[in-house]
Amino acid sequence: MVRKIILSCVLTLNLVASGHIMQEFEWPSGKTLLSFLEDAGISLSLYYDLEATDKELAAEIVAGTKCEILLDSESKMDQILIPITEDLQIHIYKEDEENYALTFAPTIYNEGNFSLGIEIENSPYLDINKATGNGSLSAAFSRAFSNNVDFRKLQKGDNLALYYTQKERLGKPYGDPIIHAGMIEENGKSKYIYYFDSKYYDEKGKVSETLLFTLPVPGARVSSKFSPKRFHPVLKRYRAHLGTDYAAKKGTPIKAIGEGTVIFVGKKGGYGNTVEVQHKNGYKSLYAHVNNYAKGLKKGKKVRQGEVIAYVGNTGLSTGPHLHLGLYKNNKAIDFEKAVKVAKEVIEFGKEEKKRFQDYIKAQNEKLQAAMGGYHNPPKFVAIDNFIEF
Ligand SMILES: [Zn+2]
36 MVRKIILSCV LTLNLVASGH IMQEFEWPSG KTLLSFLEDA GISLSLYYDL EATDKELAAE
96 IVAGTKCEIL LDSESKMDQI LIPITEDLQI HIYKEDEENY ALTFAPTIYN EGNFSLGIEI
156 ENSPYLDINK ATGNGSLSAA FSRAFSNNVD FRKLQKGDNL ALYYTQKERL GKPYGDPIIH
216 AGMIEENGKS KYIYYFDSKY YDEKGKVSET LLFTLPVPGA RVSSKFSPKR FHPVLKRYRA
276 HLGTDYAAKK GTPIKAIGEG TVIFVGKKGG YGNTVEVQHK NGYKSLYAHV NNYAKGLKKG
336 KKVRQGEVIA YVGNTGLSTG PHLHLGLYKN NKAIDFEKAV KVAKEVIEFG KEEKKRFQDY
396 IKAQNEKLQA AMGGYHNPPK FVAIDNFIEF
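Just so you know, we're using our numbering here: the sequence shown kicks off at 36 and counts up by one.
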């Protein structure tokens, strides 16, 4: 796989010299992989031959995603990279004069841990952006503190510090940073957040978000677990499953995992008939392959936790009836089973857990102190346009 990509890079460089053009292509709203192939005049078997889980993955392409496309001298597509997640992309390329091939390829990026400690001059958002040129970091910092701090109360001269992991690709910050620990002074008084077991806590171990989810089909067996990008050693290719599958009989009621607003009802590529619900704190749930929708369900409708929104089916797929449940936090797929478990653990924050948490925040505080003491190393990003690669 890796060899093939390197090969195609080398090939591409030669092709560029012979009149090929690279373009950035924004994935249009409502477009599916199938309709893309159709429009491009590429054999639809490329889609139909995909396994069911890969068809699901193809339905994850987000409208507005920037794809890199290489056109030949006759403006025909030579190859395209379509990002699905931060780690995985679809690579469609010409195999020979007439045929295209499709693979799931890993996205290449660098990753590092960084510290930043600054005095507030305007606002945390503007000041972090000024120091790092990284808008995603500013947004992540504001989000992490949004439940604990009143940003209007901040004074000029208050300090903030953070310790985080950031990916970098093609000289730009890539994907969402993870803020492991953050400190901000609110009128001279320090407030902290810590990212621990996939959730943000304050210094007292109180979780800063209290959204509790319930199961969509109580009692149903999990037939396929969530898995981020991983290399399948037997198939020798990359795979991912960005949700949890629950096996259930056709027609079994599906319940909303939390209260929220319906933001999508309709067909969504390999997901078939799909419902999406927006919840508080940047969470979104997705219910796929449903047979039919609850009466009166439409975009904009408010739903309660546990309210029946649809019924189990097998639309969009040829395998047996099941519910594919996706959970997203700020548009990034996360493991629903873990989110449910974490919520439960918060209620029963045990003795051992508490000790582990205290050890963790001690280590993080040292990082924050170092940042405030002048040790910081954030990479400063400067926008570069028209810089694309294959
Ligand atoms: Zn699934």
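The beta carbon of each residue, even a glycine, is placed where N, CA and C say it ideally should be.
One thing to note: Gly305 has its Cβ within 8 Å of the Cβ of Ala93. With a beta-carbon spacing of about 6 Å, Lys285 and Gly348 fall inside the 8 Å limit used to define contacts. With respect to Leu161, Leu197 sits apart: the two C-beta atoms are not nearer than 8 Å.
Sorting Thr309, Gly206, Ala329 and Tyr229 by C-alpha distance to the C-alpha of Lys402 places Tyr229 at the top.
With a cut-off of 8 Å on Cβ pairs, the region 320-334 is in contact with the region 283-300, counting three or more such pairs.
For Lys334, no alpha helix (DSSP H) segment is defined, and its DSSP state is neither H nor E. At a Cβ-Cβ threshold of 8 Å, Ile127 and Ile119 do not count as neighbours. Comparing alpha carbon positions, the residue from Leu247, Leu189 and His215 closest to Glu156 is Leu189.
Leaving aside the five residues that flank Glu61 on each side, the residues in its chain whose CB is nearer than 8 Å to its CB run, in chain order, Gly99, Thr100, Lys101 and Cys102. From the listed residues Lys207, Tyr235, Lys202 and Asn222, the smallest Cα separation to Ala216 is found for Tyr235. The beta carbon of Thr287 sits closer than 7 Å to the beta carbons of Val252, Tyr346 and Val347 from its chain, once the five residues preceding and following it are set aside; these are given in chain order. With a cutoff of 7 Å, Gly278 counts as near ligand 1, since its C-beta is closer than that to a heavy atom of the ligand. For Lys333, the closest of Gln340, Leu352, Gly355 and Thr309 by C-alpha to C-alpha distance is Thr309. The distance from the Cβ of Tyr199 to that of Ile213 is about 6 Å, consistent with a contact at the 8 Å cut-off. Remark: the shortest separation between the CB of Glu91 and any heavy atom of ligand 1 falls under 7 Å.
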